[in-house]
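Residue numbers (the working numbering): 24 to 265.
The C-beta atom is built at its ideal place from N, Cα and C for all residues, glycine as well.
Following this line, the structure appears as structure tokens:
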């Protein structure tokens, strides 16, 4: 097992998004993103401990070059629009099957260390990715309530998938990261797989959307990520879940 890398690069994909704390923080996010009068960053920070995420339903998405416009409808029936620039983490996700974890696929997984071995429960596989792939990395996961202190974020390409010789009840993935021989990650019991893409054409109207923001300069709130969650798998293709 190769030694753990202490790289500080941020993972490309977040594994989870927090829920909104109150109507006040929802309204603050909408004001900031829709170019209405800015919400003070201090007020946003007061809400930050319990969540900075707006949950809505996708109405439509249009693109112009590398910039996308996402139109959503909130629970209150209001339509709002948000700009997605290259600086915003944007993804369209869909349920997938375990056989999507195969050589050649680039994945993200939150792994935890037990007996000097990585185990992964939730896997995200990049499909139909546009542009440069994220940098392979093994990064210590930040502290979070309910998260193991032995958790790591791991990103990299799958080199092989095999039954583990020492523990035949488990399969392992060998990833091209962490040294010459790569890094092995055990498929934990009951693991789940999600397909993820930055291709806006895969988004479907009616999908759940989660928009996350953080305090920005001048008292504004900046959108940091937009995730569109499809209920159905992506269309069948090589490297997909069908």
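Does the separation of the CB atoms of residue i and residue j fall below 8 Å?
i	j	result
residue 175	residue 162	yes
residue 200	residue 143	no
residue 113	residue 249	yes
residue 95	residue 82	yes
residue 257	residue 146	no
I need the DSSP call for residue i, collapsed to helix, strand or coil.
i	result
residue 122	helix
residue 238	strand
residue 156	coil
residue 224	helix
residue 147	strand
residue 111	coil
residue 211	strand
residue 106	strand
residue 97	coil
residue 257	coil
residue 248	strand
residue 219	strand
residue 170	coil
My assumption, with CB atoms under 8 Å, is that residue i sits in contact with residue j. Please give the rounded CB distance.
i	j	result
residue 124	residue 216	6 Å
residue 198	residue 227	Contact flag wrong, Cβ pair sits at about 31 Å.
residue 134	residue 84	No, residue 134 and residue 84 are not in contact; Cβ-Cβ is about 32 Å, not under 8 Å.
residue 255	residue 79	Not quite, the Cβ-Cβ distance comes to about 19 Å (not below 8 Å), so this is no contact.
residue 107	residue 90	7 Å
residue 151	residue 77	26 Å between Cβ atoms; not a contact.
residue 119	residue 148	6 Å
Go to residue i, then tell me how far its beta strand (DSSP E) extends in each direction, as first and last residue.
i	result
residue 78	76-87
residue 195	194-198
residue 184	174-186
residue 129	129-137
Going by Cα to Cα distance, which pick from the options is closest to residue i?
i	options	result
residue 219	129, 84, 104 and 76	129
residue 190	120, 211, 100 and 248	211
residue 98	138, 109, 206 and 232	232
residue 136	247, 172, 241 and 185	172
residue 158	167, 88, 131 and 150	131
residue 251	141, 230 and 236	230
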